[in-house]
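Using our numbering, you'd call the opening residue of the sequence shown number 1 and step up by one each time.
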Amino acid sequence: MSQDKPQRHMVFGTLILLVLFVGLTLIVVPIVQANPGPDSAASTATFRTKCAMCHGQDGAGSAVGKSMNVPDLRSSAVQKLPDAELAQVIANGKGGMPSFKNSLSEDQIHSMVSYVRSLHQKK
Ligand code: HEC
């Protein structure tokens, strides 16, 4: 009987480690999740102030935008374009679309690309 005592210690030690590990995971995961990558509230605000006057808040196109023939940003014609092309159009402009490379940082331009992608999912 006395032989299995050290083994019980081992099991106990392993259990404590396991509990510590699970506990730590439970603490760390919410902290990481509370901070989701690019700030989506900031992207929404940027889109509303810089883009919605032509593209509308939902990307469909405002009255002004429609008079300039803006494409529906949710349409597959726009969504099928690669990220690099969307970023390029936002940075350098195209037709009636103004250039934003002087008023938006590269990060902001990339978050606008993600924002345009997210419009598609909402449709
Ligand atoms: C002054 C009006 C105006 C504003 C402001 C504007 N756009 Fe545009 N946008 C246009 C027009 C017009 C087009 C169509 C260009 C063309 O195809 O000739 C366009 C096209 C686009 C396209 C599609 C590009 C393509 O190749 O089909 C994207 C994406 C886009 N805009 C994103 C944005 C974003 C993001 C913002 C804000 C940072 C923005 N636009 C602000 C007028 C505007």
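Just so you know, even glycine gets a beta-carbon here, dropped at the ideal spot from N, CA and C.
As the structure is a prediction and not an experimental result, all values here were calculated from the model.
Note to self: Could you check whether the Cβ of H120 sits closer than 7 Å to any heavy atom belonging to the ligand HEC?
What the structure shows: no
Next item on the list: Work out the CA separation of F21 and K50 for me, nearest whole Å.
Entry: 46 Å
Note to self: Any heavy atom of the ligand HEC inside 7 Å of the beta-carbon of V28?
What the structure shows: no
Next item on the list: Kindly give me the distance between the Cβ atoms of A84 and I109, rounded to whole angstroms, as I take these residues to be in contact under 8 Å.
Entry: About 11 Å separates the two Cβ atoms, so there is no contact after all.
Next item on the list: Buried or exposed for R8, please, with buried defined as at least 16 other CB atoms from any protein chain shown within 10 angstroms of its CB.
Entry: exposed
Next item on the list: On the DSSP bridge assignment, give the partners of K94 in chain order.
Entry: Secondary-structure assignment with DSSP links K94 through a beta bridge to M97.
Check: Based on Cα-Cα distance, which residue from S114, A41, S105, S43 lies nearest to L81?
Finding: S114
Margin query: I need the DSSP call for K66, collapsed to helix, strand or coil.
Written below: Three-state result, K66: helix.
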